[in-house]
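*Asks:* In this note's numbering, the protein residues as written are 1 to 164.
Before I ask anything, here is the structure I am working with.
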């Protein structure tokens, strides 16, 4: 939730400064991926702190806590990337109807993109795979999807013109 709220506010600011960032010598997908990564830091820190507290309170859950620490950066980047894609699909921050559609699409994108790693994690846990391996697999899938979402958003970002 922290990542989603940080992403919504932060990405509307990205659209306001698009004229400053586009002339930079970086590919649009690189700019998008760095923005997506930066908006997910607070969510990552929250999960790491919560996992450390959980390990201290229930040492028997150390594998699950470590798995959460492994997967949280990548899942947070995926959720942030889904929010950026929604912002790029409905970029007008002053239009109330676009704002409502953006919220709906953000929710839908979060559910769709997160379903793949969550399904993989649940399936592997049911099969009895150790939680740390599950965290690595879920983290890898989340990172791959975050890169794909950033590439898609980068294409939209490259064609975005704030004056239109």
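Note that beta-carbon positions come from the ideal geometry of N, C-alpha and C, so glycine has one too.
Can the beta-carbon of residue 61 be found closer than 9 angstroms to that of residue 135?
*Replies:* Translated into the one-based positions of the chain shown, residue 61 becomes position 61. Translated into the one-based positions of the chain shown, residue 135 becomes position 135. Not a contact, by the Cβ cut-off of 9 angstroms.
*Asks:* With a CB to CB cut of under 6 angstroms and the five nearest residues on each side skipped, what residues in its chain are close to residue 84?
*Replies:* Reading the chain shown from its first residue, position 84 is the one you call residue 84. Cβ neighbours of residue 84 beyond the five flanking positions: 11, 36, 153.
*Asks:* Could you compute how far the alpha carbon of residue 86 sits from the alpha carbon of residue 105?
*Replies:* On the chain shown, residue 86 is found 86 positions in, with the first residue counted as 1. On the chain shown, residue 105 is found 105 positions in, with the first residue counted as 1. Straight-line Cα distance between these residues: approximately 6 angstroms.
*Asks:* Inspect the beta-carbon positions of residue 29 and residue 47 and report whether they are closer than 9 angstroms.
*Replies:* Stepping through the chain shown from its first residue, residue 29 is reached at position 29. Stepping through the chain shown from its first residue, residue 47 is reached at position 47. Their beta carbons are not under 9 angstroms apart, which means residue 29 does not touch residue 47 by this criterion.
*Asks:* Which word fits residue 6, buried or exposed, when buried means at least 16 other C-beta atoms lie within 10 angstroms of its C-beta?
*Replies:* Taking the chain shown and counting its residues from 1, the one referred to as residue 6 is at position 6. It counts as buried.
*Asks:* Compare the beta carbon distance of residue 114 and residue 143 with 9 angstroms and say whether it is the shorter of the two.
*Replies:* For this step, residue 114 is matched to residue 114 along the chain shown. For this step, residue 143 is matched to residue 143 along the chain shown. No, these two residues do not count as a Cβ contact at 9 angstroms.
*Asks:* Is residue 200 helix, strand or coil when you go by DSSP?
*Replies:* There is simply no residue 200 to check, as the chain begins at 1 and stops at 164 in what is shown.
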